[in-house]
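**Student:** Protein chains in written order, with numbering that gives the first Met the number 0: chain A, 0 to 142; chain B, 0 to 142; chain C, 0 to 142. Handing you a structure now.
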Amino acid sequence: MKPTLLIACGALVAVTVLGAQSPSRPQPYKVVFDLTSDDPADQAAVLRWLREVASVNPETDMEVVMYARGLALVKTGQTPLVDEVKQAIGRPHVSFKVCEIAMRNQQVDKSQLLPNVAIVPDGIGEIVARQREGWGYIKAVVK
Amino acid sequence: MKPTLLIACGALVAVTVLGAQSPSRPQPYKVVFDLTSDDPADQAAVLRWLREVASVNPETDMEVVMYARGLALVKTGQTPLVDEVKQAIGRPHVSFKVCEIAMRNQQVDKSQLLPNVAIVPDGIGEIVARQREGWGYIKAVVK
Amino acid sequence: MKPTLLIACGALVAVTVLGAQSPSRPQPYKVVFDLTSDDPADQAAVLRWLREVASVNPETDMEVVMYARGLALVKTGQTPLVDEVKQAIGRPHVSFKVCEIAMRNQQVDKSQLLPNVAIVPDGIGEIVARQREGWGYIKAVVK
């Protein structure tokens, strides 16, 4: 075998090995959670999903978009889950975004939000934009 | 500068200016709302979203697909929000569509629907078709 | 007319006829139902949708992904709708999949599931993967 061909074969083997997906290493994905509930069961569920998906698939990008009653999750002094929310916000690949229209409707000021919560001009528009970019969509409601 | 080049430059400037997205003029999008609830809170929420998205993004196409308990929103004599529903139906870029299977199940006749509500043979199929066409999806439920 | 042109015209007619969509034969689609509720109304709704979509569009692929409280639908001895669930699982183009993380959280063993229910490592990941593949998404909740 010629040296050039040997190198080419080696490269092919390397690519194949790197490209192989072991069953214990799932493919990272991107998902947006749509939260419009202030029910503690729904709030606890979305926080649990952020934690659990990260534990089995650490590189997965997750975004929680809150509007309507969903704002309660990130309002200072309102959410009983404050410590867990702060932990979630601090993790890589996780972001929390609040709809500015909903903030105006509910007279919520930026100062009332937990640190590092982002504000988007239109929560529904944000979710739709993510879907257009190929993110998965999950309505965050349990019953 | 030659005249031809001048014209080309002018065209380029025009294209750039027209293509520029000012922060106050968001990109119109398309979104389908999936309504399967007769809870007045959910009904009021979807009507509010239609109004608010239109106010910040007037060219956005919005469609409300109703099946299961969602039909209540557009049944004459059943919805207390009748005036607001009629207003919403009359706006450009907005359509209301009811699932024919759900109508049969619930023995609802076309004559019982508010004017200009469309009937689709399969509400779920309609929603899936929209998603395939690149429309965003929002489950219209608050809690 | 030359023979070659005749053949081409014939082929065009054949393609046109085959490609025509009669109104009574809708295009099959693919849809994933996201079930996180143990409310009998939601359970009954998703079973009804499986049945009804199949009746109007028999080739449509449908998948029910259960996590959080959604597991109740396929747990032996827990679901009152057991006969209907078994019938649904047995139909072509229908699959039921349970999230393994939710099973661990709720200490549910494989032996407690109805026959032919599949287990996926990450229910949310499964749903997102389907969306990426072009399946429609429906949150299976009524109110």
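Positions of the beta carbon are idealized from the N, C-alpha and C atoms, including for glycine.
1. Leu-34(A) and Met-61(A) - do their beta-carbons sit closer together than 8 Å?
2. Any beta carbon of chain C sitting closer than 8 Å to that of Gly-133(A)?
3. Helix, strand or coil, according to DSSP, for Ser-21(A) in the structure here?
4. Does Glu-51(C) come within less than 8 Å of chain B when only Cβ atoms are used?
5. Would you mind giving the Cβ-Cβ distance between Val-93(A) and Leu-112(A), rounded to the nearest angstrom? I have them listed as a contact below 8 Å.
6. When the cut-off is 8 Å and only beta carbons count, does Gly-122(B) lie next to chain A?
7. At 8 Å on the CB atoms, spell out the chain B contacts of Pro-25(C), in chain order.
8. If the cut is a Cβ gap below 8 Å, which residues of chain A does Tyr-28(B) touch?
9. How would you list, in chain order, the residues of chain B whose beta-carbon sits under 8 Å from the beta-carbon of Lys-138(C)?
10. Nearest to Val-73(B) by alpha carbon, out of Pro-39(B), Val-140(B), Pro-25(B) and Val-141(B)?
11. Less than 7 Å between C-beta atoms, sequence neighbours within five positions excluded: which residues of the same chain meet that for Gln-130(A)?
12. So who's on the other strand from Leu-34(A), going by DSSP bridges?
13. Would you call the stretch 43 to 55 of chain B in contact with the stretch 75 to 90 of chain B, where contact means no fewer than 3 C-beta pairs closer than 8 Å?
14. Let me check one thing: in DSSP terms, what residues is Ile-137(B) bridge-paired to?
15. Per DSSP, Leu-46(A) forms a beta bridge with which residues?
16. Exposed or buried, which one is Gln-20(B) when buried takes at least 16 other CB atoms within 10 Å?
17. Taking Cβ-Cβ distances below 7 Å as the criterion, which residues of the stretch 62 to 75 of chain B are in contact with chain C?
18. With distances taken Cα to Cα, identify the nearest neighbour of Gln-86(C) among Val-140(C), Pro-25(C), Ala-53(C) and Asp-41(C).
19. Which partner residues does Ser-94(B) have in the DSSP bridge list?
20. Taking DSSP's pairing of strands, which residues face Ala-53(B) in a bridge?
21. Could you name the residues of the stretch 91 to 107 of chain C whose beta carbon sits closer than 9 Å to any beta carbon of chain B, in the order they occur along the chain?
22. What residues from chain B crowd round Asp-60(A), counting only those whose CB sits closer than 7 Å?
23. Within the 8 Å Cβ cut-off, does Ala-44(C) reach chain B?
24. Which partner residues of Ile-118(A) appear in the DSSP bridge assignment?
25. Would Gly-122(A) be called buried (16 or more neighbouring beta carbons within 10 Å of its own) or exposed?
26. Classify Leu-70(A) as helix, strand or coil using the three-state DSSP reduction.
27. Using a Cβ-Cβ distance under 8 Å, would Ser-110(B) count as near chain C?
28. Could you work out which residue in Val-63(B), Lys-109(B) and Ile-118(B) is closest to Gln-42(B) when comparing CA atoms only?
29. Return the chain-ordered list of same chain residues with a C-beta closer than 7 Å to the C-beta of Val-45(A), the five sequence neighbours on each side being excluded.
30. Which residues in the same chain have their Cβ closer than 8 Å to the Cβ of Gln-105(C), if we skip the five residues on either side of it in sequence?
31. 8 Å is my cut-off, CB to CB: does Asn-115(A) come that close to chain C?
32. Name the chain A residues that come within less than 8 Å of Asp-82(C), Cβ to Cβ?
33. State the CB to CB distance for the pair Ile-100(A) and Val-55(B), rounded to an integer number of angstroms; the pair is presumed to be in contact (CB under 8 Å).
34. Got a sec? Which residues, its chain only, sit under 6 Å from Asp-37(C) by beta carbon, not counting five neighbours each side?
35. Write down the C-beta distance between Ala-128(A) and Phe-95(A) rounded to the nearest angstrom, noting that I regard them as a contact closer than 8 Å.
36. Assuming Thr-75(C) and Pro-27(C) are in contact, meaning their beta carbons sit under 8 Å apart, how far apart are those beta carbons, in whole angstroms?
**Tutor:** Quick look at the numbers:
1. 8 Å or more divides the Cβ of Met-61(A) from the Cβ of Leu-34(A).
2. True, the Cβ-Cβ gap to chain C drops below 8 Å.
3. Residue placement at Ser-21(A) is flagged as unreliable, the pLDDT there being 49, under the threshold of 50; the coordinate-derived value follows with that caveat. Reduced to three states, the DSSP call for Ser-21(A) is coil.
4. Glu-51(C) counts as touching chain B.
5. Actually they are not in contact, since the Cβ atoms of Val-93(A) and Leu-112(A) sit about 16 Å apart, beyond 8 Å.
6. Look at Gly-122(B): its C-beta is not under 8 Å from any C-beta on chain A.
7. Against chain B, a Cβ distance below 8 Å from Pro-25(C) picks out Pro-120, Asp-121 and Gly-124.
8. Neighbourhood of Tyr-28(B) in chain A, by CB distance below 8 Å: Gly-124, Val-127, Ala-128 and Arg-131, in chain order.
9. Neighbours of Lys-138(C) on chain B, chain order: Asp-33, Lys-138 and Val-140.
10. Comparing Cα positions, the closest option is Pro-39(B).
11. Listed in chain order, the non-local C-beta contacts of Gln-130(A) below 7 Å within the same chain comprise Tyr-136, local neighbours out to five positions each way being set aside.
12. Leu-34(A) is bridged to Met-65(A).
13. Yes: at least three Cβ pairs fall under 8 Å.
14. Partner(s): Phe-32(B).
15. Paired residues: none, contrary to the question.
16. Note that Gln-20(B) has pLDDT 47, beneath the 50 cutoff, so the model's placement of it is unreliable and the number below is only indicative. By the neighbour-count definition (other C-beta atoms within 10 Å, threshold 16), Gln-20(B) is an exposed residue.
17. Residues passing the 7 Å Cβ filter: Ala-67 and Arg-68.
18. Nearest option by C-alpha distance: Ala-53(C).
19. Looking at the DSSP assignment, Ser-94(B) forms a beta bridge with Glu-62(B).
20. Beta-bridge pairing links Ala-53(B) to no other residue.
21. Listed by position, the residues of the stretch 91 to 107 of chain C near chain B (Cβ gap below 9 Å) amount to none.
22. In chain order: nothing, as chain B lies at least about 18 Å away.
23. Yes, because at least one Cβ of chain B sits closer than 8 Å to the Cβ of Ala-44(C).
24. In DSSP, Ile-118(A) forms a bridge with Val-97(A).
25. The residue is buried, with at least 16 neighbouring Cβ atoms inside 10 Å.
26. Leu-70(A): helix per DSSP, three-state reduction.
27. Among the CB atoms of chain C, none fall inside 8 Å of the CB of Ser-110(B).
28. Selected option, being the one with the closest Cα: Val-63(B).
29. Shown here for Val-45(A): same chain residues with a beta carbon closer than 7 Å to its own, the five before and five after excluded, namely Phe-32, Leu-34, Val-63 and Ala-139 in chain order.
30. Excluding the 5 residues flanking it on each side, Gln-105(C) has same chain C-beta neighbours closer than 8 Å at Leu-70, in chain order.
31. In terms of beta-carbon proximity, Asn-115(A) stays away from the interface with chain C, with every pair separated by 8 Å or more.
32. Ordered by position in chain A, no residue passes the 8 Å Cβ test against Asp-82(C), which lies about 23 Å from the chain.
33. In this structure Ile-100(A) touches Val-55(B) by the C-beta definition: roughly 7 Å separates them, less than 8 Å.
34. If the five residues before and after Asp-37(C) are omitted, its C-beta is found closer than 6 Å to the C-beta atoms of Arg-68 and Ala-71, all from its own chain and listed in chain order.
35. That belief does not hold up - the Cβ atoms of Ala-128(A) and Phe-95(A) are roughly 16 Å apart, past 8 Å.
36. Contact annotation, Thr-75(C) with Pro-27(C): C-beta distance approximately 32 Å; criterion of less than 8 Å not satisfied.
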